[in-house]
Structure formats: structure tokens, C-alpha cells
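The sequence shown begins at 315 in this note's numbering and counts up by one. Taking it in order: structure first as C-alpha cells, then the write-up.
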Amino acid sequence: MKKFRKVLDGLTTSSPVNPSGSPACGSAAGTPSTAPTPRELEIQETLMSEHFQICKTVRHGVPYQPTALAFDPVQKILAIGSRSGGVRLLGRPGVDCHCQHESGAAVLQLQFLINEGALVTACADDTLHLWNLRQRRPAILHSLKFNRERITFCHLPFQSKWLYVGTERGNTHIVNIESFILSGYVIMWNKAIELSTKTHPGPVVHLSDSPKDEGKLLIGFESGTIVMWDLRAKRADFRIYYDEAIHSASWHHEGRQFMCSHSDGSLSMWNLRNTAKPFQVTFPHGKTQRDGRKESCKPILKVEYKTSRNSEAFVVFSGGLSYDKAGRRPTLTIMHGKAITVLEMDYPIVDFLVLCETPYLNEVQEPYAVVVLLEKDFVVVDLTQSSFPIFENPYPMDIHESPVTCTAYFADCPPDIIPVLYSIGAKHKKTGYSLKEWPVSGGTWTVGSQTYPEIIITGHADGSIKFWDATAITLQMLYKLKTSKVFEKPKGGDVGRNAELAEEDPYAVQMISWCPQSRIFCVVGISAHVILYRFSKHDANTTITSLEVRLQCEIEDVISPSDTENTPCFSDPSGHSPQPQPPSPRSNTPDSMRDSIPCLKVKDHMIRMPPGYQAELVVQLLGVDGDPPQQITSLDLNSAYGLLALGNCNGLAVVDYLQKTILLCMSTLELYGSADPFQRLTRSPRKNRQSTSDFCMRGLSNFHSDSKKRIRTSYQSLTELSDNQVSLDLERSKSPTSESRENSFSRSRSSSVSSIDRETKEAVTTLQFAESYVRKSDTLPTPCLWVGTSLGLVLIIPMSIPTDEQERLEDPVTVAPTGTVLMLKGSILQIGFLDCGGVLINSPYEVWRDQHAPDDPDRPRKRKLVNFSPSSSQEASGDGHLAVVCSERQAKVFFMPSQACLYVHNITESSFVLRADVVSVYNSVCLACFCANGHIMTLSLPSLRPLLDVSYLPLTDMRIARTFCFTNGGQALYLCSPTEIQRITYSQEMCDNLQEMLGELFTPIETPEAQNRGFLKGFFGGNAQTFDREELFGEAAAGKASRSLAQHIPGQGGMEGMKAAAGGVVGELARARIALDERGQRLGELEERTALMMTSAETFSKHAHELMLKCKDKKWYQF
């Protein structure tokens, strides 16, 4: 039982703060204030350290920089490898798993052990890994590191335990998949080619066994040499020396011919009966020129040759276009008979696979789809229809359709909001998709019992907003909103002073604020504008109201030493409250006329708005002295009050969106009045005005781009930083404005003002509407606006709001800053409120009502408000409430209305906090923080006792800082790459239940039987099943490989990991049962094959006997 001290109104003075920025009570976490405490409050803190643990849950989006692709045709599971060493495994919706190689080496190739629940990955560090997919969290069972050769190509025949590995030197090695040990059988390059050949054939680029005879291996070298190697005789059957380099090869299912793709854009067909020259060479996209030559074409990087029983064969390849067609998009070509279809792709093709009905290479393939992996997308083409439509992708692969610039995460939303958004968004979905089911349908997944509605909102560089259903670790697109439709399209020649914006995206979303209960949505754009949307199920013809606000400072916001450094910071100058000042009228000078033009022009005519979110109000900041307006750094919205507050490095504006009026427009300095704890220097008339491109704030300014470095639509500038930039940002993060902030709280501060101080403005960094107390003498809470600044100060601004609905729409709302100031170290990031029982106080809100719905006389449309006033939230605990304030350096808990600091905790000294949120977890409340040094921390409330401190993710670029956010239920997310969202949990309970939430990648499925080839066809055509690789590649026949050639590394996912993942004895019994079933299935298949052969033999014997009886009495001349 924690005991917290509460100071009653009027019985104690304010707690002084020492010059170091900490109150006199001290700075240790959990240390109560030494101020007089006549009454004690008993609050039970239920959160403990064992309730928290960091764990990744699921990753959404197309893998960033993909490199390889593989598919299991029996399990119907797809694998995608990436340049960063990641592997994504995809099945039916809900079956989505991300694995990561610890080395971070790029994945070169993927090979499934078909229907075995295992995957082999070949990485750029010349290491092979065997992954166990029979557990929800795949793990590496074995690794094999090649020391002297570079891996270039791998091939694993179906139902084989021997993996062929081609190397850069041209050699082919063989690895036992079960033991992951190298065989002594090696196909050396100098034995594969003729001795008379003078040049090296180059790296191995292709390996495949003949469908007709598994004892024959086709080896393709980069230089154009092709060798058919007889594995039994250990010699080459034939050698082909072609002039053009080879990129890939593909067999006809009968094994009598194969096709190769070349660097000159040609396809060559080869017949095994005559390998002297190809019997067919085609240039699919090369036209014959006047001189009879073929025009030069780009290389065909990959070709697949697939046969169909009921139609002509399919030839699918990528590349091969002629060089003269500049600017053409990447293409995938499908040749079906004489018909050639060219499919243009939005991004370069990385790899593709043709999906077939059978896993056996010696059967008619029957292709039904093509999986195409692009650099930033992933599509599947339906081959069964002549128009070749694409399948509708159930995975969220278009998160990055426009670069993501901000995110928001809402857990435990109202249950009706997701169906409503989905029904509106479904009307705008694209059409023309294939009507067939999604072909990647492997695995099993069920929605867990502990699910609640979750919504993720992403803002993008083109001004679009996407709402995603994130319930139960899935992600599905709900609704898309385009903010650019609010504005007129800029004309080509009408650029004016915004020429800078013409080259960039002026609609980029910088910040979003959403009230799920009232369904009111606000968007902050990069051009210093705020758009307010209301939700309606009906279309409407409305006009968008536009308000223009000019925020500027006439006094240089520079900190200078105060004459009274020991003055308490909690002042209450009730008699010196400045009155709200309306915006100054514009003069008609040329400069002011130029400043009165906003960056974007709002549509001023009647607009028809479809159902969904409909724009109602646009607030635009105007430039000052010919410079663009400063970007908005903070925003808050309250539907119960009908107010919107926004701030930047110049000041604060409060807007009444019900009456469409500006209530307050003041500089930060004017908000203090006489309570300003700093002495400001007036602007020197000789000094030029400070450029608006300077940083508004330090520390946080590293992650809020200035107006001249706006978020660009170009891919790299939005998502990546160079190493120098990262090091610069991290260097700044060590001591953000150490001179201006640290020294401003120091007794030994010099009287001189540093140059850094002169460039520092005080920005409004946090805004929060709440029912709170303004003065120490207040007995009842009133609507207030809490304002946090970049200098660590918190101001409380009271508001007088009419309670009657009619009066609220007619009478003005009064806002009067009182000068009440609280102080912390570092920029203010988050403000939250608890009642005296330790329960989180939510902001009041208005219940949603459709303003454009038809009038119903029985149900008058009145505003219904839900208020969480601290006076009504508890009765036995007494009056007052607790205010939790977190800055980028420390957190404090104040008691209101006395303004006494109860607890303080210095979060970090060497770094600074990037994101902080007051969140609900385990039916309690805590403060969650993410620091620039990668630490994730949770602090108990209200005692600020550290519960979790884990070094999770070092800050490597601005993307993580811009998109990291916490939510209730112990979850968080961030953009781990320009195309992927990573969700994590800091809840121990969710980590424990994660195995149940994830889908099963492997399901026991019987391997399809091979087609009955017939006795005679099998006898004369060669039977591949008689080839025994164990006799050739085993240690008894081939010996051991050189130890220095490759090193075996045991994996972490062995039997111990499988036992832990299986969940005890029950899981082991289930695995044993599955293994026995599989063995029984294989024995049954063997028995069936034996019986089939016996039946064929008996039939042949019967027919031969009948023929003998028929012909035995005939003379020779009677035949």
C-alpha cells in the first residue's frame, strides 16, 4: 500500500524549486515532498516490475528492400527475404510471421523443404540456415558457414534431403539437410568443363535436376556454359558453350528440353538429343531492323517454362525490353502459345514464381498464378483467365503508397467505429480483381478471446490519411481520406513566394488528433494548416470555413538571468491576468499584404462531400515579414468544449470551431504576463529579424523539420538519414540546448547570453484540454487549457464556456491567461491527469451525432456531453486531482489546486525522451517513455517508481522518432522501415499469450500422390525414383568434406526450443503423433506404390499369357 501526501488548499505555501530545476523535496523517484501534509491519501499501486516485458508482436507492410522469394506448393506458405536479413512468412490472413538473421546479412535465396515445415536460407555472408517452421515463432536449427567460397545458387529437389550449393568459383557442393554437414561429393568446375577450355566458366547461376532422371544435374555457369552432370558416373553427359551469358534455365516437364534466358534479351530452347546448337532462339521484345539485325534488348533475368494439360505451355519471364524504349516501367511478360501479354509493374521486379498444381517436376505443371515480388510491392497474377487479372491482396502491402510521415495508435476504441469506417471505405475500393480465392492460403489462425477494437492511423506525404483495423494483430485497410481535396490545385505559373513549396509536397501530414467518441478528426499539415473533419454517413453540399491566424513575437524570446533567481516558480498573480487580445487588424502595407496570403488556397465554393469524414474548418497560419509561417508544433482538440488549440514557436491560438471564431492569438511571452520566470531581452532594432527557418526548439527540434526543410515526397529524404546526420543528431541529443536550459536553472549562470540562447525561441510543445484548477484558491474545477513549452514551463489557461447548448452557439467563450506556471527540465512532452484514487481522468467529449442525418421529430438533435470531472470521479477521496507532467528530461506529479510537487523523477541525463504517454495497462495507469538512446521505460503513477527500463531500439533515423507511439493495453508501434510498421508490446501478459495470438505456419497435410505413369512408360522412360542419393553422397561412399571448407553451427531452435514452444508434454505428444502420422502416411504411400506395381505386373503377365495362348497353335506363315 503506497501512501501519498496531499496538501489541502490554503494550508501550505507553494513548494520552492531549487535552481537545478528540481523541487526542494529532492529528485529521487518515489521520494515524497517535504511540504506539510495534514491529510494522507491511501492509493494502492498494483503495477509491479514483473508486469512488464518488451517483445515484438507482428510486422505489417511489404518487406523493405526484398531480395528473394519462395513458395511451398503443398503447405501454400510464401517466404520473402530482405537485404537486412529479415524473412517474412505469409499464409492465409492472420498467418504472418517475421524472422530475423542475427548477422543482418542479406538473404540471397530461399528454399522450402516442401511439406516438411522447414526453410533453408542462403545469406550474403555465405552461411546456410535451416529454419524450423513447426512452431509459431520459427527458429534456426542448424547453420553452415562456408569459409573459402561464396554461395551463388542453391537447389533442393522435391522429397530430397540433399541440397545442391553452387559457388562463385564454379564448384557445386552438396549438403545433408538433416545433419547440415557437407558431403565429400564435390563437382569441381575444372571437371565439369572440358580440359581444353582455357577460360573459367564463371559462378554457378543455375542448378536443377532433370525431371526425367534425378541422377542428372543441369549446371549453368554465368559465362554461358551449360553442363549436364551425371551424378552416378561422375562425369559430364554433354557440355554447351553459348556466346551469351546465362541468367536462368527452366525444364519442360518431360525432361527432354529446357529453356535458357540470356543477357541479350533472348530465350534459347535446347533439346537433349542435339546439344550442338539451340533448336530455337527468340527475342520476344526485339524487332528486326532494316539491316536484318535484332535491336538490342535488356537482359531477361528469369524465365519459367510451364506446361498445361488443356492448353499450350506458358513462358513467363521478366525483362527483355528493347533499350530504345526509355522510361518504360518494369514488365512481366506472359507468353501463352502465340499470344504475348506484357504486364507493366509500378516498381522494379526483384523475383517471381509461377505457382503450379503439382510439386512434381516430371508431371504436367498446370500453372494457375504468378507471384511477383517488386521492390516496394507484392502482387499475384491469375493465369487461369485470359485477361490475367491480379488477386486482391489481403495483406497491407500499400502502407507506403505515399511515404508515412506520422502515426497514431488507438486501442480499445468504441466497438461501432470499425464497422462504420469499413462500410464507408468499402464503397471506394478498387475493382477488377480476380474472383478466385487468394492462392497463398496456408497455415491456421483463429481470433483470440482477449481482443478489443484497435485502430492505427497513418499520415502520408501526399496529404492522405489511412485508417487501419489493427484488431488481433492483423491490419486491414478501413478508410482513406485525402486532405488535398480541401484546397485548390496550385496553378503552374502561380507560385509566387511559395516557390519552395512547388518543388515539395505542401499537403504532407505532420500531426493528427482524433476523438473516437465524437468522431472529430484534426490534421496538421506541413504548410502550417489545420483541417477539422466531422464524420457523417450521408453526403452533403457544404462550404468549408477558412480562418487565418498570424502568430508572431515582437520580443526576442531570449533567456537572461533573472534578478530573483530564488523566486518560487508556482506563482498566482490573480490581479495581473492579461486580457485576451484579438488578432491585430492587418494594415495595407505591401509587406502585410504579402503576409496575408496563406501557403494554400482553400476552396471557397460549395463542395459535394461523400459520406465519411467531411471537412468543416481550415485554420491557416500566415507568414511574417515575407517569410513562410512557422510549422505547427502542438495541437489538441476537445469535442465537449468545441475548441481547438494549436501552437508553434511563436505562440498559441485557440479556435472555437462551433462558432468558427478565433478566441486567442498570443505570443508565448504574452501568455505569462508578470509570471514570466525569465527576463527577456527586447528585440534590437539593428538586428535583422530571426529567420523562420531556424529551429523552433532544441532537443525536439531535431525531430521537427523546420519550414525550409519540409518533409519531401522523395523516398530517401523522408525515410533515411546519412551517418553524418545521425551522428549529428545523436551528438545534439546528448545535451540539447544544454547552455540555455541547464544554465537557466543554475545559480552560477553567467550574466552573458550565449549565441545559442539568442537563437532559441520558446515553442508551444504540448497542449491539453482538461477540467482542472487554475488558482490555489479554486474549489471547483473549470475547463482549462494546459500549455507546455520547449523551455520546460507549463501554463494553465482557464476558459469560461456557456453550458446551455443554445448559448454555447451564440455567446462567446472567454479565455484569460492567468500566468500560473509550473516548471520542469526540458521540453514538455505529455500532460495527464489522475484523480486522488489514482484513476486516469479522461478528457470530456461529445457523443457523436450525424449532423447531416434527416431530421427526426421524435429525437431532437442535442449535444450530449460526457464529462470526467475530478470532483465527480471520486467522493471519498476528497477534492482535487493529480497532474502528471513529463518533459524530455524528467517527470513530475503535481497536486491541484495547491500546485505542490508530490513526486519527481529524472528520467535521463545523457539522452532525452522522444515520446511519452500516460497509458492504461492491467486496470491501472503508468507513464511510458521512449528515449533517443533506445531505452523504453515505464514509471508507476503517481509515485513515478521505475518499473521497466530496457535498451530496445537505438535511434538510427528520424523515421522512428517521428512515428513511435504508445497506446493502452501495453502496446506500441513505430515505422521500422519506410514500408513496414512494427508493433511491440511492453506487457508481460501479452508476451505470454503471444503464442496463442500468432498463427500456425505448419499444418499436417498429406503430400499429393504422383501421377501413375504406367508400367511401360515408366520402364522405357526411365524411373527417377530408383536414384538413391544416400549411396552417392553419404559418408560411406563420398567420404568427409574438408573441415576448413565449411563450419557447422548449432542453432538456438533445437529440441529445447521446440519443447518450450510446444508448451510442455502435451505439445511433445502432439508432435510425436504428427511424426507417427507422417511416417504412417509415407509407409502407406510406399505400400500403395508397391501394390500398384504388382497390379501392373499381373496385368502385363495376364495379357502376355493370353497372347501366348492365342498364338501358340498358329503356323509361322499365319502371322
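All C-beta atoms in this analysis are idealised placements derived from N, C-alpha and C, irrespective of residue type, glycine included. Note that the structure is a prediction, hence the values are computed from the model and not measured.
Cβ separation of residue i and residue j, assumed to be a contact under 8 angstroms, to the nearest whole Å
i	j	result
residue 1136	residue 1108	4 angstroms
residue 565	residue 510	With a Cβ gap of about 28 angstroms, residue 565 and residue 510 do not count as contacting.
residue 368	residue 1221	Not a contact, Cβ separation roughly 17 angstroms.
residue 1159	residue 959	No, residue 1159 and residue 959 are not in contact; Cβ-Cβ is about 15 angstroms, not under 8 angstroms.
residue 731	residue 598	Not really, about 51 angstroms apart at Cβ, beyond 8 angstroms.
Unbroken alpha helix (DSSP H) run spanning residue i, endpoints
i	result
residue 1277	1272 to 1277
residue 734	731 to 740
residue 1120	1119 to 1124
residue 679	Looking at the DSSP string, residue 679 is not in any alpha helix (DSSP H), and its letter there is neither H nor E.
residue 1310	1302 to 1311
Status (buried if at least 16 other CB within 10 Å, exposed otherwise) for residue i
i	result
residue 1320	exposed
residue 766	exposed
residue 1441	Residue 1441 lies beyond the residue range present for the chain, which begins at 315 and ends at 1433; the question has no answer from this structure.
residue 1080	buried
residue 603	exposed
residue 651	exposed
residue 491	buried
residue 943	buried
residue 805	exposed
residue 1417	exposed
residue 1120	exposed
residue 1325	exposed
residue 849	buried
residue 1149	buried
residue 980	buried
residue 1407	exposed
residue 1226	buried
residue 677	buried
Separation of residue j from residue i, as counted between CA atoms
i	j	result
residue 546	residue 524	14 angstroms
residue 675	residue 621	10 angstroms
residue 615	residue 1410	45 angstroms
residue 662	residue 632	10 angstroms
residue 1422	residue 679	40 angstroms
residue 706	residue 752	7 angstroms
residue 1232	residue 1315	36 angstroms
residue 1323	residue 485	34 angstroms
residue 358	residue 1193	18 angstroms
residue 1264	residue 1292	25 angstroms
residue 279	residue 784	Residue 279 is absent from the model: the chain starts at 315 and stops at 1433.
residue 1419	residue 1401	27 angstroms
residue 722	residue 729	18 angstroms
residue 787	residue 1237	21 angstroms
residue 891	residue 1090	At residue 891 the pLDDT is 37, less than 50, meaning the model places this residue with poor confidence; the figure from the coordinates comes in the next sentence. Looking at the two C-alpha atoms, the distance is approximately 15 angstroms.
Extent of the continuous beta strand (DSSP E) run through residue i
i	result
residue 986	Run containing residue 986: none in the beta strand (DSSP E); it sits in the alpha helix (DSSP H), 982 to 986.
residue 854	854 to 856
residue 423	421 to 427
residue 658	653 to 658
residue 1251	1249 to 1254
residue 1285	1285 to 1291
residue 1347	Where residue 1347 is concerned, there is no enclosing beta strand (DSSP E), although the alpha helix (DSSP H) it sits in stretches over 1343 to 1347.
residue 437	432 to 437
residue 573	571 to 576
residue 952	948 to 952
residue 958	957 to 961
residue 913	Note, residue 913: premise wrong, no beta strand (DSSP E); not H, not E.
residue 650	645 to 650
Within the segment 475 to 557, ranges of the alpha helix (DSSP H) (whole runs, at least 4 residues): Counting only unbroken stretches of 4 or more residues, the alpha helix (DSSP H) elements lying wholly within the segment 475 to 557 are 503 to 506, in sequence order.
Complete beta strand (DSSP E) runs within the segment 750 to 788 (minimum length 3 residues, chain order): At a cut-off of 3 residues, the continuous stretches assigned as beta strand (DSSP E) that sit fully inside the segment 750 to 788 are 768 to 774 and 778 to 783.
Minimum length 3: unbroken beta strand (DSSP E) runs contained in the segment 1200 to 1235: If we require 3 residues or more, the beta strand (DSSP E) runs fully inside the segment 1200 to 1235 come out as 1204 to 1210, 1214 to 1220 and 1227 to 1235.
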